[in-house]
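**Q** Chains as they are written, first to last, in the numbering used here: chain A, 1 to 429; chain B, 1001 to 1228.
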Amino acid sequence: MSWRDILLRSARSLRQAKVRTMLTALALAVGGFTLTATLAAANGARAYGAKLVDTNFDPSSLVVTKSTSLLSRNGSDKPQLYNTDYTSVGRNFLIEELSQSDLSRLAKIPGVDSVFEDYSTAALYISTQNSGKYTGSTSAYDPYVTHQFAAGSVNGQLAAGEVVLPDDYISLLGFKNANASIGKTITVVVRQTLGGIEAKQFNVAAVLTSPSTLINPGNINTTLLVNPNDAQAIYSYVNNGTVNFNRYLSATVRVQDGTNPAKLSTVENAIKAAGYGAMSAKDLQATITQIVNVLQIIILVFGFIALIASFFGVVNTQYISVLERTREIGLMKALGMSSRVVSRLFIVEAAWIGVIGALLGSGVAIVAGMLLNPWIARQIDFGSSHLLVFRPTQMLALIVFLTLIATVAGLLPARKAAKLDPIEALRTE
Amino acid sequence: MIETRNLSKVYGKKDSTMQAVRDINLKLEQTKTIAIIGKSGSGKSTLLHLIGGLDRPTSGEVIILGRNLTQLSKREMDDYRSQDLGFVFQSFFVEPNQTCYQNVALPLEINRVPVAQRRQKIEEALKQVDLLDKIKSKAVTLSGGEKQRLAIARAIVSNPKIILADEPTGNLDSATGDKVINLLFDLHRKHGTALVIVTHDQDIAKRCDIRVMIKDGSVEKIEGVIKE
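1) I want to verify the contact list: residues of chain B whose CB lies under 7 angstroms from the CB of A/P334, in sequence order.
2) So for B/K1227, helix, strand or coil by DSSP?
3) Near A/S99, what residues of its chain come up, given a Cβ to Cβ distance below 6 angstroms and the 5 sequence neighbours on each side ignored?
4) Let me know the secondary structure DSSP gives B/T1199 once reduced to three states.
5) Using beta carbons (cut-off 8 angstroms, strictly below), is B/E1095 in contact with chain A?
6) How is the alpha helix (DSSP H) around A/I299 delimited, first residue to last?
7) At which residue ranges does the region 1090-1121 of chain B contain complete alpha helix (DSSP H) runs of 4 or more residues, listed in the order of the chain?
8) Give, in chain order, every residue of the region 1101-1114 of chain B whose Cβ lies closer than 8 angstroms to some Cβ of chain A.
9) Which residues does DSSP list as the beta-bridge partners of A/E198?
10) Can you tell which of A/T135, A/G357, A/T289 and A/D167 has the C-alpha that lies nearest to the C-alpha of A/A27?
11) Give a yes or no on whether the C-beta atoms belonging to B/F1092 and B/A1151 are separated by under 8 angstroms.
12) Let me confirm a value: A/P392 is counted as buried when at least 16 other C-beta atoms fall within 10 Å, else exposed. Which label applies?
13) Beta carbon of B/V1180, beta carbon of B/R1149: below 8 angstroms?
14) What residue range does the beta strand (DSSP E) around B/I1002 cover?
15) Taking Cβ positions, are A/V238 and A/V190 nearer each other than 8 angstroms?
16) Count the other CB atoms, across all protein chains shown, that sit within 10 Å of the CB of A/K66; report buried if there are 16 or more and exposed otherwise.
17) Looking at the unbroken beta strand (DSSP E) that takes in B/L1026, where does it start and where does it end?
18) Compute the Euclidean distance between the alpha carbons of B/T1230 and B/N1159, then round it to the nearest angstrom.
19) Given a threshold of 16 other Cβ atoms within 10 Å of its Cβ, counted over all protein chains shown, does A/L23 qualify as buried or as exposed?
20) On a Cα-Cα basis, can you pick out the residue from A/A425, A/P59 and A/L173 that is closest to A/S131?
21) For A/A47, which of A/G410, A/V207, A/S385 and A/R427 has the nearest alpha-carbon?
22) Do you know how far the Cα of A/A365 is from the Cα of A/F390?
23) Just tell me which of B/D1166, B/G1038, B/V1212 and B/L1183 has its CA closest to the CA of B/G1224.
24) Determine the direct distance from the alpha carbon of B/Q1120 to that of A/R20, and round the result to whole angstroms.
25) Can you tell which of A/R4, A/S280, A/L404 and A/V267 has its C-alpha closest to the C-alpha of B/V1113?
26) Taking just the CA atoms, how far does A/F401 sit from A/V342?
27) Can you give the Cα-Cα distance for B/G1053 and B/S1082, rounded to whole angstroms?
28) Does any residue of chain B have a CB that is nearer than 8 angstroms to the CB of A/S310?
29) With C-beta atoms as the reference, is A/V322 less than 8 angstroms away from A/F346?
30) When the distance is taken between beta carbons, is A/A414 closer than 8 angstroms to A/I353?
31) For B/L1184, count neighbouring C-beta atoms within 10 Å of its own C-beta (all shown protein chains included) and say buried if the count is 16 or more, exposed if not.
32) Report the CB separation of B/V1104 from B/A1125 in whole angstroms; it is logged as a contact under 8 angstroms.
33) How would you list, in chain order, the residues of chain B whose beta-carbon sits under 7 angstroms from the beta-carbon of A/I423?
34) Can you name, in chain order, every residue of its own chain whose Cβ lies under 7 angstroms from the Cβ of B/V1157, other than the five neighbours on each side?
35) Listed from N- to C-terminal order along the chain, which residues in the region 6-30 of chain A have their beta-carbon within a distance smaller than 8 angstroms of any beta-carbon of chain B?
36) Are three or more beta carbon pairs between the region 174-184 of chain A and the region 223-236 of chain A nearer than 8 angstroms?
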């Protein structure tokens, strides 16, 4: 019997037991749905992580910290000896800060193009003439980071006196929409730690899309990006005279030809060898990916458990099918069908169940994903990104995998069918 | 030639054995119609199964169309059944939820007959049993007589050399049974296909060229033309 006939005949047999076939396929579909949704969610999370990194980090730069570990207790649970190199975070942790001499040392490492201090500074408030006062902070604009703008644009470096405003501020600051804010003036008021208050005026050059994928711990969506000189001026005004003045939690080291991974890695290793902590955009992305992978594996395990249950469902269904069709099997063998072909008929039937289950599970997951993606994105502030990203190759591999599982499940019943004695089978009533 | 030499078949093992066929020697002309007759449990169906290659003898030999069945491999035996034989059973064994076309197509599928040649062969077979108009009907919708005619169409579609019929009228009323038997004899006359019928119906047996009477697994008597 040809494979074509085997495929058609086994499909016909399944059609004759529609309800049983569909119920068994549904069991497989549950596993298929879980696996499809998990893969899609992991794809989406990884893509979002990549986007997060792309829109916050210059891929040719490294974020450098004084210590290889950001937070430190020096291995002691006792009060620490006062050290001007450290600033405390919370009650127990210390962060070792970079000094100007560290920055000079970093600038001399071969392959380093330039070193930028972290001038992030908390503002007292941000306002316009027509608005209330809102909290926020300022940070230096980095032209090498891929920004997504809802309105306006920035060509190269941001000009002095200009600001890139997160769009969360648009309505708060009294603007009708993002476009209406372009060219308008906002006021950033900062307070000197050891003195007075100063108001600085900025013109809005662009508005970051909402929700922003900006990473700036503690200041997500409230960081106004300004020209580096403006950022430095604010930083200096606020911190001048304090112990933290000209000391930085981190610095950005731009690498010559840093888009070349080998060169970036060489400089990263050199910085680490000099005793500093260094992290590239890729490192951060790898960390995010690793977290996503771990979560993915946990959920995949549940999907596989569902598959194990459906595996036995297919075995059971096919055994019942063999028992119900004993006479048919006897007839086929009497007419000269070989045991091998009989076996193939039942294996292909099981495979069909796998195909149906896989298509059902994956199909429902894809349709549900397409329908729910916009809603999910709104719920978890994914912006224009999608949580569920379906890749055709993965879906195809999944369908093949589920079909394979069902095929394996069909082996034992098929063996039973192949071993039936035609005379005994024909005697069965 | 349908020949058996010291053919025996024993079922069961050790203490609980049952000898269904006992030392049967036959030499029958293949072109004839042959009736194997006997009471229930006499061993006539077992003899038919041995001739049909559905079962292997405990001892002795079956030589059909010049081939010793006892020496055939499993695959050769499958080929023998699919290419040289056509089976008709008392219980029809048609697939109720498949169409007449699909039922008759089964032997052609087994013999890997090209798809393009199938329709003509199936239509020809159904025409011979007067079921061409039911080609698209599901077997479940057919009457008992029609089902048996469908089974006959399935048996002849591969142009077998021998048709083995095991109580073909056993589940039919006498009028319908007569039509089925007439059909089998017509096919024999038209195509020269050998016909071996297992029956306990004396009227059917009388219409056959050769009658082999079986009792307690042994040949009690053979009537008709026997080639030496």
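Every residue gets a Cβ at the ideal spot worked out from N, C-alpha and C, and that includes glycine.
**A** On the basis of the coordinates in this document:
1) The displayed chain sequence assigns Ala, not Pro, to residue 334 of chain A. The contacting residues are L1054, R1081 and F1087.
2) Reliability of the predicted coordinates at B/K1227 is poor, the pLDDT of 48 falling under 50, and the value obtained from them is presented with this limitation in mind. Note: B/K1227 maps to coil in three-state DSSP.
3) R247
4) strand
5) yes
6) A281 to E324
7) 1100-1110
8) Q1102, L1106, P1107, E1109, I1110, N1111 and R1112
9) A/V190
10) A/G357
11) yes
12) exposed
13) yes
14) I1002 to K1013
15) yes
16) buried
17) S1016 to L1028
18) One cannot answer for residue 1230 of chain B here, as it falls past the ends of chain B, which runs 1001 to 1228.
19) exposed
20) A/L173
21) A/S385
22) 9 angstroms
23) B/V1212
24) 35 angstroms
25) A/R4
26) 24 angstroms
27) 10 angstroms
28) no
29) yes
30) no
31) buried
32) 6 angstroms
33) H1049, L1054 and D1055
34) V1104, P1107, L1108, K1121, I1122 and A1125
35) R9, R12 and Q16
36) no
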